[in-house]
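Asks: Residue numbers (this note's numbering), protein chains in the order written: chain A, 4 to 410; chain B, 99 to 328. Just so you know, even glycine gets a beta-carbon here, dropped at the ideal spot from N, CA and C. Quantities reported herein were computed from a predicted structural model and do not represent experimental measurements.
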Amino acid sequence: MNIITLAARNVYRNGHRSVVTAAAMAFACAMMIVFASLIEGFVKGSEQNIVAMNSGDIQIHRPGYRDDPDIYSLMIDSADLCNRIRQAGFATSERIFAFGLLASGQSSSGVQLRGLDLDFEPTVTLLNRQVMLGDWLDKTDHHGVVIGKKLARLLDVSLGDELVFVGQTADGYMANDTFYVRGIMRTVSSAIDNAGVLMSKSMLRELIALPEGAHELVVMRTDSMMNLELASQKIKALIRSDLEILNWRQLMPIISRFIETAHVQTLIMMLFTYIAVASVVLNAMLMSVFERIHEFGIMKAIGVRPWQIVRLVYAETFIMTIVASVIGALLGSGITWYLQNHGIDMSSLAEGISFSGIALDPVWYASLSSESVLTPVIFLFVIAAIAVIYPAIKVAVIHPVDAVHHH
Amino acid sequence: MKQAIVELHNLSKIYQQGEVQVKAVDNVSLTIAKGDFAALCGPSGSGKTSILNLIGGLDTATSGQVWLEGIDLESMGNTQLAEVRKNRIGFVFQSYNLIPVMTAFENAAFVLDLQGIAKQEIQQRVMQTLAQVGLTGLEHRRPDEMSGGQQQRVAIARAIVTEPAIVLADEPTANVDSHTAESLLDLMQTLNQQQGITFLFSTHDQHVIDRARRIIQVQDGQVVSDEIRP
């Protein structure tokens, strides 16, 4: 009789205990798959929100612009830069910014006007798909703007309402104009939400008398497999050395670090959960081994070597772990599949969830991947193997005469 | 003169029980010859099981030597002793001590499997041995599906199927009724007489003592008499 058959019969022999132990392992495995998938989903969602809704992969500015967004801190040759970047196989778009006061009726608020290139902005971000009410910008509409949700609430405006802007032109005069609310954005970032007024680049150029140049170039990789660092290096090689080129990880280091450490957090969480599982396995195997001391003694007496006893105890544990991991993986994958498609709606807990200024989708989706399934399963095997060391060695080293006469 | 299977030279075993030292085996010298049907007799605690454990390599002596077929067991490590037990010694215990998840066939085949013998040969030898012990037709039964006598027959089959140098039987009839005890003794006596299998019993059962051809009386860890019957 081979060791696997013998181990399987021993597992089956105390069915109730084996079921309870395997169920505890399966439940922990399933929960860890769900947890790992939710973290994976959070990481992917965050990355998507940062890159696709805000920063793009890479941004180019004049040095110091991010700390002091001066209207004169322009890249005058931005059109030429864009052409070179596009020829190198990247997508890029120019942005210009201005600050001022926006009023409607009795309400007013400080705002940031964002002039977007309506032809190229959709190639670098998905902002055009984030309109909650009304429509996205249109080149033929010379007075329609899209504003942030909270700004709309602050100014108490809705679609079609008139807005009055007062600011400064690049040549030192007063800039003023009237617009109407064409669309209202859903939350993508706190900056857009609280003070963002989106309009076409040409409209803003005319308003602030800025005929050429851009404050910001946003670049996206067209090949998503290309390494972000490599992409940054390629862009650097294309443009002047006096410009500041930062990828999104450098632009948002706190979020980047959080994302980088999310997997470590998952592993730590897994470790703590599995320590509890290990105690269940240890307890079950100790009981299983100690109530069979006499039987192991007989096996030793008839010639079974200590190492073969260790193999038997390990085989019993691994049979339970295999069953538990299959059930746990199926259960965890099933729950994760549901959460991947339906998510967990957090909007009832908080209206707008943001992290470091970046809005997060209020529906938290899981992301099912081979890694999020395999890591908890592998961890389960490792923990079970560690937990059973003591009972296996204990029974392997017991003196045959003591074991034979043990009752 | 018969060939010696087991030789004990000045064998002693002292157990430490708290502060007290208990001399379970006290300077025993003994020879068991090939084909013996011998019984170590004596009251409970006289040291007969301790002698059996030392001969079987289940325990190690405090002093003295145990030679099995010319091999000094006291100089061996655990793994080597396991090999000797597997290949050269058959055990029959008081409480049958079969592996409960195995059938009669599997229990008897277990040691042959450990020895790495081919499946076909195992099948042939086990079926033949089960027939010898009168268990034909019961090979697929598990221990809990058999009577005490049948279980002990499986234990005997397991002990002899490897053709060991000696079968050590510790109180083999203690847990069965007298009728079953007689039939088990008939079986072991037949195996001894027809196949020359050496048996050494540890017992205080009169049925066994009556059948044994050699009676070794043990008292306070010492051999007090060694009588060979004609």
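Which residues in chain A have a C-beta closer than 7 Å to the C-beta of Arg183 (chain B)? List them in chain order.
Replies: As a first step, residue 183 (chain B) must be located in the second sequence, where it is residue number 85. Ala304, Ile305 and Gly306, listed in chain order.
Asks: Of all the options A:Thr95, A:Ile7 and A:Ala106, which has the alpha carbon lying nearest to the alpha carbon of Thr128 (chain A)?
Replies: As a working mapping, residue 128 (chain A) is identified with position 125 in the first sequence. Closest option to Thr128 (chain A), Cα to Cα, is A:Thr95.
Asks: Tell me, please, which residues DSSP counts as bridged to Lys47 (chain A).
Replies: The residue you call residue 47 (chain A) lines up with position 44 of the first sequence. Its beta-bridge partners do not exist; DSSP assigns none.
Asks: Using DSSP's beta-bridge definition, name the partner residues of Gln115 (chain A).
Replies: Sequence index remark: in the first sequence, residue 115 (chain A) carries index 112 (1-based). DSSP, once it has assigned bridges, lists A:Phe102 and A:Gly199 as partnering Gln115 (chain A).
Asks: When you compare only the Cα positions, how much space is there between Tyr368 (chain A) and Gln62 (chain A)?
Replies: What you label residue 368 (chain A) is simply residue 365 of the first sequence in a count that begins at 1. What you label residue 62 (chain A) is simply residue 59 of the first sequence in a count that begins at 1. If you take the alpha carbons of Tyr368 (chain A) and Gln62 (chain A), they lie about 28 Å apart.
Asks: Are at least three pairs of beta-carbons, each pair with one atom in the region 67 to 78 of chain A and one in the region 187 to 205 of chain A, less than 8 Å apart?
Replies: Contact fails: fewer than three Cβ-Cβ distances are below 8 Å.
Asks: Does any residue of chain B have a CB that is nearer than 9 Å to the CB of Leu9 (chain A)?
Replies: Numbered from 1 along the first sequence, position 6 holds the residue referred to as residue 9 (chain A). Closer than 9 Å to some Cβ of chain B, the Cβ of Leu9 (chain A) qualifies, so yes.
Asks: Of the residues B:Lys111, B:Leu210, B:Asp284 and B:Ala202, which one's Cα is nearest the Cα of Leu236 (chain B)?
Replies: Numbered from 1 along the second sequence, position 138 holds the residue referred to as residue 236 (chain B). Comparing Cα-Cα distances from Leu236 (chain B) to each of B:Lys111, B:Leu210, B:Asp284 and B:Ala202, the minimum goes to B:Ala202.
Asks: When burial is assigned at 16 or more other CB atoms within 10 Å of the CB, is Tyr277 (chain A) buried or exposed?
Replies: Sequence index remark: in the first sequence, residue 277 (chain A) carries index 274 (1-based). Buried.
Asks: Which first and last residues belong to the alpha helix (DSSP H) in which Asp284 (chain B) is found?
Replies: Counted from its first residue, the second sequence places residue 284 (chain B) at position 186. Asp284 (chain B) -> alpha helix (DSSP H) spans Ser276 to Gln293.
Asks: Could you check if Ile254 (chain B) is buried or exposed, using at least 16 other CB atoms within 10 Å of its CB as the buried criterion?
Replies: Here residue 254 (chain B) is taken as the residue at index 156 of the second sequence, counted from 1. Answer is buried; the Cβ neighbour count reaches 16.
Asks: Return the first residue and the last residue of the alpha helix (DSSP H) that Val199 (chain B) is part of.
Replies: For this step, residue 199 (chain B) is matched to residue 101 along the second sequence. Counting along the chain, Val199 (chain B) falls outside any alpha helix (DSSP H), and DSSP gives it neither H nor E.
Asks: Would you verify that the beta carbon of Asp124 (chain B) is, or is not, closer than 9 Å to some beta carbon of chain A?
Replies: Taking the second sequence and counting its residues from 1, one reaches residue 124 (chain B) at position 26. By this cut-off, Asp124 (chain B) is not an interface position.
Asks: With 16 as the cutoff for other CB atoms within 10 Å, does Ile195 (chain A) come out buried or exposed?
Replies: Translated into the one-based positions of the first sequence, residue 195 (chain A) becomes position 192. It counts as buried.
Asks: Would you check if there are 3 or more beta carbon pairs closer than 8 Å linking the region 371 to 383 of chain A to the region 23 to 40 of chain A?
Replies: A contact exists between the region 371 to 383 of chain A and the region 23 to 40 of chain A.
Asks: In three-state terms, what does DSSP make of Lys204 (chain A)?
Replies: Your numbering for residue 204 (chain A) matches position 201 in the first sequence. Helix at Lys204 (chain A).
Asks: Enumerate in chain order the residues of its own chain whose CB-to-CB distance from Glu232 (chain A) is below 8 Å, with the five nearest sequence positions on each side excluded.
Replies: Taking the first sequence and counting its residues from 1, the one referred to as residue 232 (chain A) is at position 229. Around Glu232 (chain A): Asn250.
Asks: Check whether chain A comes within 9 Å of Gln221 (chain B), counting only Cβ atoms and requiring the distance to be less than that.
Replies: Stepping through the second sequence from its first residue, residue 221 (chain B) is reached at position 123. Not one chain A Cβ lies under 9 Å of Gln221 (chain B).
Asks: Nearest by alpha-carbon distance to Leu158 (chain A): which of A:Thr126, A:Asp144 and A:Val200 is it?
Replies: Along the first sequence, one-based indexing puts residue 158 (chain A) at 155. Nearest option by C-alpha distance: A:Val200.
Asks: Name the chain A residues that come within less than 7 Å of Thr177 (chain B), Cβ to Cβ?
Replies: Taking the second sequence and counting its residues from 1, one reaches residue 177 (chain B) at position 79. Near Thr177 (chain B) (Cβ distances below 7 Å), the residues of chain A are Arg308.
Asks: What number of angstroms, rounded off, separates the C-alpha of Ala137 (chain B) from the C-alpha of Thr288 (chain B)?
Replies: Looking up residue 137 (chain B) in the second sequence gives position 39. Looking up residue 288 (chain B) in the second sequence gives position 190. Cα to Cα, Ala137 (chain B) sits roughly 16 Å from Thr288 (chain B).
Asks: Scan the region 113 to 176 of chain B and note each continuous alpha helix (DSSP H) run of 4 residues or more that stays entirely inside, going in chain order.
Replies: Runs found: 146 to 153.
Asks: Could you name the residues of the same chain whose beta carbon sits closer than 7 Å to that of Leu213 (chain A), not counting the 5 residues immediately before and after it, in chain order?
Replies: As a working mapping, residue 213 (chain A) is identified with position 210 in the first sequence. The answer, listed in chain order, is Ile99 and Ala173.
Asks: Can you name the start and end residues of the beta strand (DSSP E) that Arg224 (chain A) belongs to?
Replies: Indexing the first sequence from 1 puts residue 224 (chain A) at position 221. Glu219 to Arg224 is the span of the beta strand (DSSP E), which, as asked, contains Arg224 (chain A).
Asks: So with CB distances below 8 Å, who are the chain A contacts of Val209 (chain B)?
Replies: The residue you call residue 209 (chain B) lines up with position 111 of the second sequence. The answer, in chain order, is Ile305 and Gly306.
Asks: Keeping to the same chain, check which residues put their C-beta closer than 6 Å to that of Gly294 (chain B); ignore five residues upstream and five downstream.
Replies: By one-based count along the second sequence, residue 294 (chain B) stands at place 196. These residues qualify, in order along the chain: Gly133.
Asks: Using the three-state DSSP reduction, which class does Trp139 (chain A) fall into: helix, strand or coil?
Replies: The sequence position of residue 139 (chain A) within the first sequence is 136, counting from 1. It is coil, neither helix nor strand.
Asks: Cβ closer than 7 Å: which chain B residues qualify as neighbours of Asn13 (chain A)?
Replies: As a working mapping, residue 13 (chain A) is identified with position 10 in the first sequence. The contacting residues are Val199.
Asks: Below 7 Å on C-beta distance, what does Phe189 (chain B) contact in chain A?
Replies: Sequence index remark: in the second sequence, residue 189 (chain B) carries index 91 (1-based). Simply Ala304 and Ile305.
Asks: Could you tell me which chain A residues have their CB closer than 7 Å to the CB of Leu156 (chain B), listed as they occur along the chain?
Replies: In the second sequence, the residue the question calls residue 156 (chain B) occupies position 58. Within 7 Å Cβ-Cβ: Ala304, Pro403, Val404 and Val407.
Asks: Does Glu165 (chain A) come out as helix, strand or coil in the three-state DSSP assignment?
Replies: Taking the first residue of the first sequence as position 1, residue 165 (chain A) is located at position 162. Residue state, collapsed to three classes: strand.
Asks: Using 9 Å as the limit for Cβ to Cβ distance, is His297 (chain A) near chain B?
Replies: Residue mapping note: residue 297 (chain A) aligns to position 294 of the first sequence, counting from 1. Yes, His297 (chain A) counts as interfacial toward chain B.
Asks: Are Asp180 (chain A) and Val160 (chain A) touching if we call contact CB-CB under 9 Å?
Replies: Here residue 180 (chain A) corresponds to residue number 177 of the first sequence, with the count starting at 1. Here residue 160 (chain A) corresponds to residue number 157 of the first sequence, with the count starting at 1. No, the Cβ-Cβ distance between Asp180 (chain A) and Val160 (chain A) is not below 9 Å.
Asks: Since Tyr183 (chain A) sits in a beta bridge, which residues does DSSP pair it with?
Replies: Counting from 1 along the first sequence, the entry for residue 183 (chain A) is found at position 180. Its beta-bridge partners are A:Gly147 and A:Glu165.
Asks: Would you report the Cα separation of Ile257 (chain A) and Glu247 (chain A), rounded to the nearest angstrom?
Replies: As a first step, residue 257 (chain A) is located in the first sequence; it is residue number 254 there, counting from the start. As a first step, residue 247 (chain A) is located in the first sequence; it is residue number 244 there, counting from the start. Roughly 19 Å between the two C-alpha positions.
Asks: Could you tell me which residues DSSP puts in a beta bridge with Val190 (chain B)?
Replies: Counted from its first residue, the second sequence places residue 190 (chain B) at position 92. DSSP lists B:Ala267 as partners of Val190 (chain B).
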